[in-house]
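K.L.:
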Amino acid sequence: MRHPIRVLCIGGHPADTFDSAGGTLAHHVQNGDEVTVVALTAGTRVHDVVISDALRFADRIPDAPDLTALMAERAQVKEEEVRRACAFLGITDVRFFGYDDAVLTLREELILRMASLIREVRPHVVVTHHPNELGEYGNHHAMTAQLVLNGIGAAHGVGMGDPNPPHRVAQVFFTTSALVMPSNVLSAPLHWYPDLIVDITDVVEAKVRALDAMRSQQYGGDYARKTIEVVDGGIGSAGGIAYGEGFVTYQPEVSRLFPVSDWLLQRAAESEADLMHRRTRIIASTLDLPD
Ligand SMILES: [Zn+2]
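Here the sequence shown is numbered in the numbering used here, starting from 3 and rising by one per residue.
Below, the structure is given as structure tokens:
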């Protein structure tokens, strides 16, 4: 029996953590591990049915005080959705840093906040976006990952005014769901290759329900079903399973023996018919969701 570990997953926007790693995080909760998820920004400017969508077609944008109030109100709606979404996956430690998502830069204040989060949560494993995602430029995900990596470095030392002692993270996993298909020219040179695929087939229904909860960003219903089929189904297919989440390991794994998983041993030994049957199972697209 391995000792329980602490897993900290940090996403740029409210839904990023469970969208890209929710199935894997659900497994860790089931295993008795401590899972903490953090959304760095409120995500209202890029991911909200009112702010980022309806206001585009308004005659005039509300003045700054009114807009600030509206953004705070919508951020609250999104936080409640995220808590509900995470509950489907068994995740209860859900945190919001609430930064504005207008401009996200590599700045000291945010790095130090990441470092104190890490000294407090003391994770063995950190999960975040890929630091080169979508060519890095103007990309909240890549910036979040770079802030996290800097924060991990800063957490190696003491923090001014931070009562928690320094902490070292054992391993970092970068999520790959946003890399499956390059969506602009800058993202094309980053090869999509997960060196770890986690089989999430047993919890895929919970993950669809989690995405479905994000109605504020229009992820409900068919979008939830389709994105799971396309992204998690695509990653799963690469690993010979129905649904998977892909990760890139930051540091080389250290081992006494060659690590070969039961999944790969089974795949090597089974018939093609069994492999194809497992790969082509369709769950998410037929799942019933509330209106
Ligand atoms: Zn995002």
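Just so you know, even glycine gets a beta-carbon here, dropped at the ideal spot from N, CA and C. Quick caveat, the model's predicted, so the values are computed rather than measured.
Mapping the DSSP letters down to three states, classify Ile283 as helix, strand or coil.
P.N.:
Position check: residue 283 holds Arg in this sequence, whereas Ile was assumed. Looking at Arg283 - three-state DSSP - the assignment turns out to be coil, as it is neither helix nor strand.
K.L.:
Distance, Cα to Cα, His279 vs Gly238?
P.N.:
Rounded to whole angstroms, His279 to Gly238 spans 13 Å at the Cα level.
K.L.:
Out of Asp61, Gly13, Phe176, Leu57, which has the shortest C-alpha to C-alpha gap to Gly100?
P.N.:
Residue Gly13 is the option with its Cα nearest to Gly100.
K.L.:
With Ala156 and Ala117 assumed to form a contact (beta carbons below 8 Å), what rounded beta-carbon distance in angstroms separates them?
P.N.:
That pair is a contact at about 4 Å.
K.L.:
Counting only beta-carbon separations shorter than 8 Å, does Arg62 have a partner in chain B?
P.N.:
This model lacks chain B altogether; it includes just one protein chain.
K.L.:
Give the DSSP-derived three-state secondary structure of Leu106 in the structure shown.
P.N.:
Coil, per DSSP.
K.L.:
If we count Cβ pairs, one from each stretch, closer than 8 Å, do we get three or more for the segment 220-229 versus the segment 265-282?
P.N.:
Counting Cβ pairs under 8 Å, fewer than three are found: no touch.
K.L.:
Whole angstroms is fine: what's the gap from Gly236's alpha carbon to Trp194's?
P.N.:
Whole-angstrom Cα-Cα distance: 12 Å.
K.L.:
Straight-line CA distance for Arg47 to His15?
P.N.:
Using only the alpha carbons, I get a separation of about 10 Å.
K.L.:
Is Leu106 near Asn186, with beta carbons less than 8 Å apart?
P.N.:
Taking 8 Å as the Cβ cut-off, Leu106 and Asn186 do not qualify as a contacting pair.
K.L.:
Could you tell me which whole alpha helix (DSSP H) segments of length 4 or greater appear in the segment 161-237?
P.N.:
Listed in chain order, they are 206-214, 224-229.
K.L.:
Where DSSP assigns a beta bridge to Thr130, which residues make up the other side?
P.N.:
Answer is Phe176.
K.L.:
I need the boundaries of the beta strand (DSSP E) containing Gly34, first residue and last residue.
P.N.:
It is not in any beta strand (DSSP E) - Gly34 carries neither H nor E in the DSSP assignment.
K.L.:
Tell me the residue span of the beta strand (DSSP E) that contains Leu91.
P.N.:
Careful: Leu91 lies outside any beta strand (DSSP E) and carries neither H nor E.
K.L.:
Please list, in chain order, all residues of the same chain as Thr26 whose beta carbon is under 7 Å from its beta carbon, the five residues on each side excluded.
P.N.:
Cβ neighbours of Thr26 beyond the five flanking positions: Val200, Ile202, Glu247.
K.L.:
Between the alpha carbons of Tyr252 and His132, how many angstroms are there, rounded?
P.N.:
Going from the Cα of Tyr252 to the Cα of His132 covers about 10 Å.
K.L.:
Do you know offhand how far Gly159's Cα is from Val150's?
P.N.:
The straight-line gap from Cα to Cα measures roughly 15 Å.
K.L.:
In the DSSP assignment, what are the bridge partners of Ala41?
P.N.:
Answer is Gly13, Phe98.
K.L.:
Just checking Asp55 against ligand 1 - is the residue's beta carbon closer than 7 Å to any of the ligand's heavy atoms?
P.N.:
No, the Cβ of Asp55 stays beyond 7 Å of every heavy atom of ligand 1.
K.L.:
Please state whether the Cβ-Cβ distance between Asp50 and His143 is less than 8 Å.
P.N.:
Their beta carbons are not under 8 Å apart, which means Asp50 does not touch His143 by this criterion.
K.L.:
Kindly give me the distance between the Cβ atoms of Leu108 and Met145, rounded to whole angstroms, as I take these residues to be in contact under 8 Å.
P.N.:
Yes, Leu108 and Met145 are in contact; Cβ-Cβ is about 7 Å, under 8 Å.
K.L.:
Express the C-alpha separation of Thr130 and Gly45 in angstroms, rounding to a whole number.
P.N.:
Near 16 Å, if we compare the C-alpha coordinates of Thr130 and Gly45.
K.L.:
What first and last residue would you give for the alpha helix (DSSP H) that runs through Gly155?
P.N.:
Gly155 -> alpha helix (DSSP H) spans 142-157.
K.L.:
With Leu267 as the anchor, note down where its alpha helix (DSSP H) starts and where it stops.
P.N.:
Looking at the DSSP string, the run of the alpha helix (DSSP H) that includes Leu267 is 264-271.
K.L.:
Tell me where the beta strand (DSSP E) around Phe249 begins and ends.
P.N.:
Segment 246-251, the beta strand (DSSP E) holding Phe249.
K.L.:
Out of curiosity, what's the CA-to-CA distance linking Gly163 and Cys11?
P.N.:
Approximately 24 Å between the Cα atoms of the pair.
K.L.:
Kindly indicate which three-state DSSP category Arg124 falls into: helix, strand or coil?
P.N.:
Three-state DSSP puts Arg124 in coil, outside helix and strand.
K.L.:
To the nearest angstrom, how far is the alpha carbon of Asp234 from that of Met73?
P.N.:
Taking the straight line joining both Cα atoms gives about 31 Å.
K.L.:
Got a sec? Which residues, its chain only, sit under 6 Å from Leu213 by beta carbon, not counting five neighbours each side?
P.N.:
Taken in chain order, the residues that qualify are Tyr221, Ala226.
K.L.:
Report the residue from Leu277, Lys80, Arg281, Gly241 whose alpha carbon sits nearest the alpha carbon of Ser263.
P.N.:
Among Leu277, Lys80, Arg281, Gly241, the Cα nearest to that of Ser263 belongs to Gly241.
K.L.:
Of the choices Ile154, Arg58, Asp68, whose alpha-carbon is the least far from that of Leu119?
P.N.:
Residue Ile154 is the option with its Cα nearest to Leu119.
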